[in-house]
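See below:
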């Protein structure tokens, strides 16, 4: 399916495995084209796995769940534009699983204006966690926690000459703040901290500088496409530094973008190992994927899958004929909801949901290893 802008040709619907018109509409404005497209597709595939399963069992209170997905071209201005139409013209009960920190920030006034919740934004931006926004319900840990843990790990194995390349936007600044917390805990300073443009950055100069500095490791804070280009530039400059990046790049699509340079790249993770069936959450997703003829699930798919479970639980608790306000109130009353080995809780003073963080490394076969 090709996703296009509402402004040009109208809305594209992704209806979850049923011929019966759905009544429970959930809107997903995200970057189905552009530098994050591979990860967004996997996020959506994971959500679809769970929504399809729920609809096959009759939906929620007898109503089917419809995921209304639209391309925002990974542009915050377009995110607001298409989201406004999702709310005012499509009557969605919530926005869901959008990608990007600046994009999520741009949505905050819209959520307050129309009193519509945003569930499981695919970003770990601290601004969505603190202060608590009454309309935002996160289902993943913060980028700051991921970045701090990664730097502490590098320092613990003796890689103390660490550089940072960060995209020059709110995502880069937020994640780099977490990295600096890691540096402080390890009593280190970065050998280089360089900001680069979010759109079409040229990494050749910074890669050459990192090679000259003989950095042991480089944290790249950027989208999947830009991070892959940064790794290629580093290798072309002769740097053999260990590369680490964040969970926004935890997708099979990112590995494909890296190509021959994938092996050894460290990627932080915010869900358990996607092959660890000791977690009921993972086994459930694997079983549903197998039933659809899929080879398995990726970390990005697990983020979408977990987010969809939270949406459905909120709809169930909101009762028949839910409204955005009823859904919001129902979610805020969720306490220790078991996703399958991980529990989600919300309250008026905490909308974080999960705080799981881990590290993985891409192996020679092109798979994430923990």
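Residue numbers (mature numbering (1 follows the signal peptide of the UniProt record, and there is no 0)): -22 to -1, 1 to 348. Here a beta-carbon is modelled for each residue, glycine too, at the ideal position from N, C-alpha and C. Note that the structure is predicted; figures quoted are calculated from it, not measured.
query: Assigned exposure category for residue 333 - 16 Cβ within 10 Å defines buried; result: exposed
query: Alpha-carbon to alpha-carbon, residue 5 and residue -10; result: Low confidence applies here, because residue -10 scores a pLDDT of 40, under 50, leaving its location unreliable; read the following figure in that light. Cα to Cα, the separation comes out at about 9 Å.
query: Three CB pairs or more closer than 8 Å across the region 281 to 289 and the region 98 to 106; result: yes
query: For residue 285, three-class secondary structure by DSSP; result: helix
query: Three-state secondary structure assigned by DSSP to residue 237; result: helix
query: Those residues which DSSP pairs with residue 140 across a bridge; result: 195
query: Touch test, the region 103 to 117 against the region 220 to 231, Cβ-Cβ under 8 Å, three pairs minimum; result: no
query: Unbroken stretches of the beta strand (DSSP E), 3 residues or longer, contained in the region 13 to 54; result: 43 to 49
query: Burial state of residue 338, where buried means 16 or more other Cβ atoms lie within 10 Å; result: buried
query: Span separating the alpha-carbon of residue 165 from that of residue 344; result: 34 Å
query: Residue 107 versus residue 79 - alpha carbon distance; result: 12 Å
query: Cβ-Cβ distance between residue 85 and residue 73 below 8 Å; result: yes
query: Per-residue DSSP class, three states only, for residue 149; result: helix
query: Close-in-space but distant-in-sequence residues of the same chain around residue 93 (CB under 8 Å, 5 per side omitted); result: 113, 302, 303 and 306
query: Closest Cα partner of residue 271 within the set 19, 122, 23 and 17; result: 23
query: Contacting residues, own chain, Cβ-Cβ under 8 Å from residue 216 (five flanking each side not counted); result: 189
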